[in-house]
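Number of protein chains: 4
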Amino acid sequence: MSSTSVPSRRRRVGGARRAEVLDVVVDVLSERGYEHTRFTDVAKVAGVAVSTLQFYFGSRDDMLVEALHHSTEREVARLEQAGNQEPTPWPRLVALVDGGLAPLPIGTWRMLMEFWHAAVHDPELRAHSVSLQERYRRPFAEAIRDGVEQGEFHVADDVEDVVTALVALLDGLVIPRVLDHEYFDADRLRVVVLRQLRALLGVADP
Amino acid sequence: MSSTSVPSRRRRVGGARRAEVLDVVVDVLSERGYEHTRFTDVAKVAGVAVSTLQFYFGSRDDMLVEALHHSTEREVARLEQAGNQEPTPWPRLVALVDGGLAPLPIGTWRMLMEFWHAAVHDPELRAHSVSLQERYRRPFAEAIRDGVEQGEFHVADDVEDVVTALVALLDGLVIPRVLDHEYFDADRLRVVVLRQLRALLGVADP
Amino acid sequence: MSSTSVPSRRRRVGGARRAEVLDVVVDVLSERGYEHTRFTDVAKVAGVAVSTLQFYFGSRDDMLVEALHHSTEREVARLEQAGNQEPTPWPRLVALVDGGLAPLPIGTWRMLMEFWHAAVHDPELRAHSVSLQERYRRPFAEAIRDGVEQGEFHVADDVEDVVTALVALLDGLVIPRVLDHEYFDADRLRVVVLRQLRALLGVADP
Amino acid sequence: MSSTSVPSRRRRVGGARRAEVLDVVVDVLSERGYEHTRFTDVAKVAGVAVSTLQFYFGSRDDMLVEALHHSTEREVARLEQAGNQEPTPWPRLVALVDGGLAPLPIGTWRMLMEFWHAAVHDPELRAHSVSLQERYRRPFAEAIRDGVEQGEFHVADDVEDVVTALVALLDGLVIPRVLDHEYFDADRLRVVVLRQLRALLGVADP
DNA sequence: TATGAATGAGCCTTCATTCAT
DNA sequence: GATGAATGAAGGCTCATTCAT
């Protein structure tokens, strides 16, 4: 649905390079973290002057927030995409789980964490996190509801709560991954998560 | 178990107030976040001079890291404590889950998030996160292993992976809680989590 | 009399809008003050691009100085005009005083103050202030000299000093007016100033 | 009266040097003007670090405003002082006029102009200018009222208006003085001003 | 003629840190 | 043990200016 990105306040300045530079911002941000991303850092990597960044984005905060929006937007879109490939409920759910466990560049997951953290301390980002989470949950919820309606799934609890738990599980797995904890193994976890999910949905083991 | 706190070389100066002030640091830190906690902020709340803080803790980073250690230490201890109250595996697991879902002051959970985030960008903290996570996982792992040995639980996957998933689920639930997302409801989630857990462990529904 | 305005080397580029824009510069300048008038401010009000202003006027200083010249020029012309309407000395003086106390838009008076202030710190403007002041004083001096020659006025001091005092009085009244001090009342002041003037010139009260 | 200077908001920091430095600020300010007085300029002259100035005064604006207050305060006090030396009305008025025409360091007069100019664009300073002007006018008004009561002066207009005119005259003379206009001669002007004043007050020529 | 893109210089401000008391 | 004075380093921001179109 409406992937029509950010209705940002500025964004009527800058030439073609602006878009490229924004991607650089995302990279640097995921690398250094919100609070440690200086104009200088981005400027150096992007090969533009600091004042050019300000010309493009306004303030440092505006720049970082736009990068945060941009990248989270992209992730949600990626997930929605993943879900749309499969027509039937269970394979669709599996695809969604795989989307949440995919071996993407580590920066992707760090960015997520940056977003959560930044949102804790910034009301505007927190508000965005609400709408973002809604969109993030929707594909899961729809797949489960479809499965229930088609008699394929049998859920004892409220679907929303199941989604909350499922998403929390995927989000929670981001943490050991980003912190590079040894015990984390995406492939083995995938098995566990899916087994757990089958149990919750009353789907027979394969 | 060795609660050998703070393995650091940090000094041990300052009078009795030092301990009180450290608690203030924790509060301010959970409130403002690592990067936004200035000496001034703490000084104001604690009612001491900035130079006093430096006298107590050394540098700003030393102060914050000590606060991070202090509070995470406390949380792990709390969990170990919770597990020790119950003698049999399943009630012990339930107690541990309840420990992870407890309606503690929101600052407790924010602190956890601060820790994760800070650890991403600080090697020393990352190292600490490894040992901390080990201790955090242990009570869960032990309870499950006990249950398996006693024939009470039947686990299809590696126990460590089950623990990873379980802890990830609890950690992942910290996020909507801290971000104050509406759909989050600890009580209902508790039911879902426990049902999920029973399914994984082959424990009959109550 | 030579109204040889703007003795500057400043360029003469730009279309018909240039003149209109110059008036905008005057307005903005009187509103915001010399030091706080940015290209951006003028551009916004004039509805043109910043680079257009630079195209018209050159540098920021050039623009502002030209505006200062333009507006002071206009004021002096207004005064000369006022003096020329009346043929006999005393009515002419009265007209000049009225010109100095006229209820013009407040911007007019603020501009005067801007000019004084700017001239203090800019040698070129200071030089201009000298020639400007000369022309400003002249109508007063001529009227008084005429009155003396015609035996209508009797002056004990040097006429130039009388003019200095008279102009200082009018200029000094600009200050409470611009600062919007309550005690300032142009009508009542007019009576006082004229009485004072009659006393100095030995003119009988009406 | 109540020369109990500024009830400033900060001012509880800084050692003994603070007072000395404040005088430096006044000097630099009168020399360079409000808008062109940088921290750097003051720091260089005062021989302290920029951050020391900020430690003393807070922001650049706070520093300059305090300097403005400080110096205008001093001037008003000087005038009140001058008036208090003479017991009888006319000599007292003469002393006040002399105070307004005194050959003080040019910085004193430039400062006055800075103050007027700054007050035009800063509401807080404008408010201060009101109270300051009140105190500035008072000695003049009291001397005149005393003279009237003692039958020494005979005033046709409202005393306040006479004061307005007199102060305006003195203020207006600051302009050519600061702009260093050639025709300005304090001694000769003094004669004119006093003659004018005598005429207004019905005092016989000496 | 008129303008948007891009940039560099200059300055304020924040903040941790050092030092003397 | 505890604190105030003083400072240097670093970064964000404003703004005029240059350049290509």
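Residue numbers (the UniProt record's numbering), protein chains in the order written: chain R, 1 to 206; chain U, 1 to 206; chain L, 1 to 206; chain C, 1 to 206. A virtual CB, placed ideally from N, CA and C, is assigned to each residue, including glycine. Please read these numbers as outputs of a predicted model, since none were measured by experiment.
Closer than 7 Å at the beta carbon, the chain R residues around residue i
i: ALA165 (chain U); result: LEU169, LEU189, VAL192, VAL193 and GLN196
Check whether residue i and residue j have beta carbons under 8 Å apart
i: GLY83 (chain L); j: HIS121 (chain C); result: no
i: THR40 (chain R); j: LEU29 (chain R); result: no
i: LEU189 (chain U); j: LEU179 (chain U); result: no
i: LEU104 (chain R); j: VAL65 (chain R); result: no
i: VAL163 (chain L); j: VAL155 (chain L); result: no
i: VAL193 (chain L); j: MET111 (chain L); result: no
i: PHE153 (chain R); j: LEU96 (chain R); result: no
i: MET113 (chain L); j: TRP109 (chain C); result: no
i: LEU93 (chain C); j: ALA143 (chain C); result: yes
i: ALA165 (chain R); j: GLN196 (chain U); result: yes
i: GLU35 (chain R); j: GLU35 (chain U); result: yes
i: ASP157 (chain L); j: VAL191 (chain C); result: yes
is_contact[residue i, chain U] using C-beta, thresh 8 Å
i: VAL162 (chain R); result: yes
i: TYR183 (chain R); result: yes
Proximity test, Cβ basis, 8 Å: residue i and chain R
i: TYR136 (chain U); result: no
i: ALA156 (chain U); result: yes
Closer than 8 Å to chain L by CB, residue i
i: GLU35 (chain C); result: yes
i: ALA186 (chain C); result: no
8 Å Cβ cut-off: residues of chain U touching residue i
i: ARG110 (chain R); result: VAL120
Within chain R, the residues that residue i reaches when beta carbons sit closer than 8 Å
i: PRO89 (chain U); result: What PRO89 (chain U) touches in chain R: nothing, since even the nearest Cβ is about 19 Å away.
Within chain C, the residues that residue i reaches when beta carbons sit closer than 7 Å
i: LEU173 (chain L); result: ALA168
i: VAL28 (chain L); result: Those within 7 Å of VAL28 (chain L) in chain C number zero; the least Cβ separation is about 13 Å.
i: residue 248 (chain L); result: Because chain L spans 1 through 206 in this model, residue 248 (chain L) falls outside it and cannot be assessed.
Interface partners of residue i on chain C, CB under 8 Å
i: residue 224 (chain L); result: This structure does not reach residue 224 (chain L), given that chain L is present from 1 up to 206, and the question cannot be answered.
i: PRO176 (chain L); result: GLN133, THR164 and ALA168
Any chain C beta carbon closer than 8 Å to residue i
i: HIS117 (chain L); result: yes
i: ALA199 (chain L); result: yes
i: VAL13 (chain L); result: no
Environment of residue i [buried if 16+ CB atoms lie within 10 Å]
i: ILE106 (chain U); result: exposed
i: ASP72 (chain U); result: As written in the sequence, residue 72 (chain U) is Thr, which differs from the Asp given in the question. Label assigned to THR72 (chain U): buried.
i: GLU182 (chain U); result: exposed
i: SER131 (chain C); result: exposed
i: SER5 (chain C); result: Note that SER5 (chain C) scores a pLDDT of 35, beneath 50, so its modelled location is shaky and nothing firm can be said.
i: SER129 (chain C); result: buried
i: VAL13 (chain C); result: exposed
i: PRO123 (chain L); result: exposed
i: ALA16 (chain L); result: exposed
i: ALA186 (chain R); result: exposed
i: PRO87 (chain C); result: exposed
i: ALA127 (chain R); result: exposed
Beta-carbon neighbours of residue i, restricted to chain L and to distances below 9 Å
i: GLN81 (chain C); result: The contacting residues do not exist; GLN81 (chain C) stays about 22 Å from chain L at best.
Cross-chain neighbours of residue i in chain L, by beta carbon under 8 Å
i: MET113 (chain C); result: TRP116, HIS117 and VAL120
ask   = For the region 143-158 of chain C against the region 185-203 of chain C, are there 3 or more C-beta pairs whose distance is under 8 Å?
value = yes
request  = Would you check if there are 3 or more beta carbon pairs closer than 8 Å linking the region 97-104 of chain C to the region 163-178 of chain C?
outcome  = yes
query = Is there contact between the region 64-77 of chain U and the region 121-138 of chain U, where contact requires at least three CB pairs shorter than 8 Å?
reply = yes
ask   = Do three or more CB pairs link the region 14-29 of chain C to the region 51-66 of chain C at distances below 8 Å?
value = yes
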